[in-house]
Amino acid sequence: MTPVDEGYVTFRGYRTWYRAVGDLGSEHAPLLALHGGPGSTHNYFAPLEQLADERAVVVYDQIGCGKSD
């Protein structure tokens, strides 16, 4: 089963939501997907999770967007 980790990183009073799918300890560099903004979210990156068998895929929501504060 592919590992999934979701959570928040707090910085200067703001919480940024992230989702990491796959093994972050793999020898392959993770794919970090940056959404357009402002007002966009991570949702359209869901198909990228299919790549997690080869390398970890990390998505996040910018501050003020989606699940971030």
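Position one of the sequence shown corresponds to residue 0 (numbering that gives the first Met the number 0), numbered consecutively onward. All residues carry an ideal CB built from backbone N, CA and C; glycine is no exception. Remember, it's a predicted structure, so these values are computed and weren't measured experimentally.
Alpha-carbon spacing of residue i relative to residue j, whole angstroms
{"i": "threonine 15", "j": "glutamine 49", "result": "23 Å"}
{"i": "glycine 12", "j": "glycine 63", "result": "12 Å"}
{"i": "glycine 38", "j": "methionine 0", "result": "32 Å"}
{"i": "tyrosine 43", "j": "threonine 9", "result": "24 Å"}
CA nearest to the CA of residue i, picked from the options
{"i": "glycine 24", "options": "Pro2, Phe44 and His34", "result": "Pro2"}
{"i": "glycine 21", "options": "Asn42, Glu5, Thr40 and Thr9", "result": "Glu5"}
{"i": "glycine 65", "options": "His34, His27 and Pro29", "result": "His34"}
Residue burial classification, residue i (beta-carbon count within 10 angstroms, cutoff 16)
{"i": "aspartate 60", "result": "buried"}
{"i": "histidine 41", "result": "buried"}
{"i": "alanine 51", "result": "buried"}
{"i": "alanine 19", "result": "buried"}
Practice task
Kindly provide the ranges of any beta strand (DSSP E) runs that are 3 or more residues long and lie completely inside the stretch 2-34, ordered along the chain.
Solution key: 3-10, 13-20 and 30-32
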